[in-house]
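Right under this line is the structure:
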């Protein structure tokens, strides 16, 4: 976590790194979700045990997706880990759930759960 965006790394499968920022309202498409859509979604495979490691570069953050029942605190200087298993494909929304500063409410999370075949070709 960073003030005020998320960075992702897929290090076990391929070495992929990217940042994920909220899409500002003025750039939003008509079918988007205001304050929830991001420019880069995290893509995750279904029916696969997923290990997540969280940390922060600046202040406390908390990576949370309530509909998946997951929350991991991101603390500067510390690596926290959790496991998750997604049973259904779909798009899941979350947000930072730790008050982390003035733009705390502008740190949405969008996870797209796809089949394993789709994930390996993504």
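In this note's numbering, the protein residues as written are 0 to 121.
Where a beta carbon is used, it is the ideal one built from N, C-alpha and C, also for glycine.
- Counted as a single uninterrupted DSSP element, the beta strand (DSSP E) harbouring residue 17 occupies residues 15 to 19.
- Under DSSP, residue 63 shares a beta bridge with 70, 94.
- Taking residue 6 as the centre and dropping the five residues before and after it, the same chain places the C-beta of 18 closer than 6 Å to its C-beta, in chain order.
- The shortest CA-to-CA distance from residue 85 to any of 97, 43, 62, 93 is the one to 43.
- Per DSSP, residue 42 is one residue of the beta strand (DSSP E) stretching across 41 to 44.
- Residue 76 is classed as exposed because its beta carbon has fewer than 16 other beta carbons within 10 Å across all chains shown.
- Short of 8 Å from the beta carbon of residue 105, and not among the five residues preceding or following it, lie these beta carbons of its own chain, in chain order: 3, 21, 34.
- In this structure, 107 is the residue among 98, 55, 107 with its C-alpha nearest to the C-alpha of residue 40.
- Across the structure, residue 29 and residue 92 are spaced so that their CA atoms are roughly 18 Å apart.
- In this structure, residue 48 and residue 82 form a Cβ contact; the two beta carbons are roughly 6 Å apart against a cut-off of 8 Å.
- At a Cβ-Cβ threshold of 8 Å, residue 71 and residue 53 count as neighbours.
- Comparing alpha-carbon positions, the option among 14, 55, 13, 26 lying closest to residue 99 turns out to be 55.
- In the three-state reduction of the DSSP assignment, residue 28 falls in the coil class, being assigned neither a helical nor a strand state.
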